[in-house]
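Q: Straight run, no breaks: the sequence shown in full-length UniProt numbering ends on number 163. Glycine included, every Cβ here is placed at the ideal spot set by N, Cα and C. Just so it is clear, the structure is predicted and the values come from calculations on it, not from any experiment.
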Amino acid sequence: MIGNDIVDLALAKKESNWQRNRFLDKIFTEKEQLLIANALNPEIMVWNLWTRKEAAYKIYNRETGIRGYIPLQLDCWYESENLGTVSCNGFTYHTQTQISNELVYTIAVAKKMYFSQIKKIELETKITKINGVPFVKDISSLIVSPVSITHHGRFWEGIMLVE
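Set out below in structure tokens:
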């Protein structure tokens, strides 16, 4: 399984006041709040951890069928600005994060080997939902592959797993 999430930094700066009272307490564990407080760029750290949690949640939701607002149950283990894991109720997901001046983008996978099996999909790709979960179906082979889609502001990213 895969998940992804993206934050348009210009839009986030305009629409999200992550410094408002109690915002961090509702989203991030104490350990994560320490990472934010000690970061060279706390704002980037907020969106780095946020995208990791969101990408991992997409997998967790697919694997368990559990839907809900559970950011404090998604616990980020920060290896570097680009690598880490997210654990949630006994499940662990691996993350890779890309950061630029314009965006923060994270891909999460259930197994590390899936990173090498990820293929980007185009906006025009025909996506089908089965029980609310997006898939791409290969017309010739009839193979169904899970996809993950994210968009925020100016950015859209879609990925799928290929064998």
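1. Can you grab the Cα-Cα spacing for the pair Leu142 / Thr92, in whole Å?
2. Pick helix, strand or coil for Phe91, following the three-state DSSP scheme.
3. Of the residues Asp138, Gly84 and Asn61, which one's Cα is nearest the Cα of Gly132?
4. What's the gap between the Cα of Ser9 and the Cα of Leu103?
5. His94: which of Ile59, Gly153 and Ser145 sits nearest, CA to CA?
6. Go through its chain and collect everything with a Cβ distance to Asp5's Cβ below 7 Å, but skip five positions before and after it.
7. Under 8 Å, do Ile2 and Ala108 count as touching if we go by C-beta distance?
8. Can you tell which of Tyr69, Asn21, Glu157 and Ile118 has the C-alpha that lies nearest to the C-alpha of Glu163?
9. With a CB to CB cut of under 8 Å and the five nearest residues on each side skipped, what residues in its chain are close to Ile36?
10. Report back the beta-carbon spacing between Gly84 and Lys120 to the nearest angstrom; my notes put them in contact at under 8 Å.
11. Quick one: give me the first and last residue of the beta strand (DSSP E) that Ile59 is part of.
12. Got a sec, what are the start and stop residues for the beta strand (DSSP E) Ile130 sits in?
13. What residues in its chain sit with their C-beta under 8 Å from that of Lys129, if we drop five residues either side in the sequence?
14. If you draw a straight line from the alpha carbon of Leu74 to that of Thr125, how long is it in whole angstroms?
15. Pick out whichever of Lys14, Glu122, Leu161 and Ser100 has its Cα sitting closest to the Cα of Asn113.
A: This is what the structure gives:
1. It is roughly 30 Å from the alpha-carbon of Leu142 to the alpha-carbon of Thr92.
2. Reduced to three states, the DSSP call for Phe91 is strand.
3. Check the Cα spacing between Gly132 and each of Asp138, Gly84 and Asn61: the tightest is with Asn61.
4. Just to set this straight, residue 9 is Leu in the shown sequence, not Ser. About 5 Å.
5. Nearest option by C-alpha distance: Ile59.
6. By the criterion of a C-beta distance shorter than 7 Å, Asp5 is surrounded in its chain by Thr51, Glu54, Ala55, Thr106 and Thr150, once the five residues flanking it on both sides are discounted.
7. Between Ile2 and Ala108, the gap from beta carbon to beta carbon is short of 8 Å.
8. Nearest C-alpha to Glu163: Ile118.
9. The residues are Leu24, Phe28, Pro42, Met45, Val46 and Leu49.
10. About 22 Å; that fails the 8 Å criterion.
11. Here Ile59 belongs to no beta strand (DSSP E); instead the alpha helix (DSSP H) covers Pro42 to Thr64.
12. Counted as a single uninterrupted DSSP element, the beta strand (DSSP E) harbouring Ile130 occupies residues Thr128 to Ile130.
13. Answer for Lys129: Phe135, listed in chain order.
14. So the alpha carbons of these two residues sit roughly 30 Å apart.
15. Residue identity check: residue 113 is Met in the sequence provided, not Asn. The residue with the shortest Cα to Cα distance from Met113 is Leu161.
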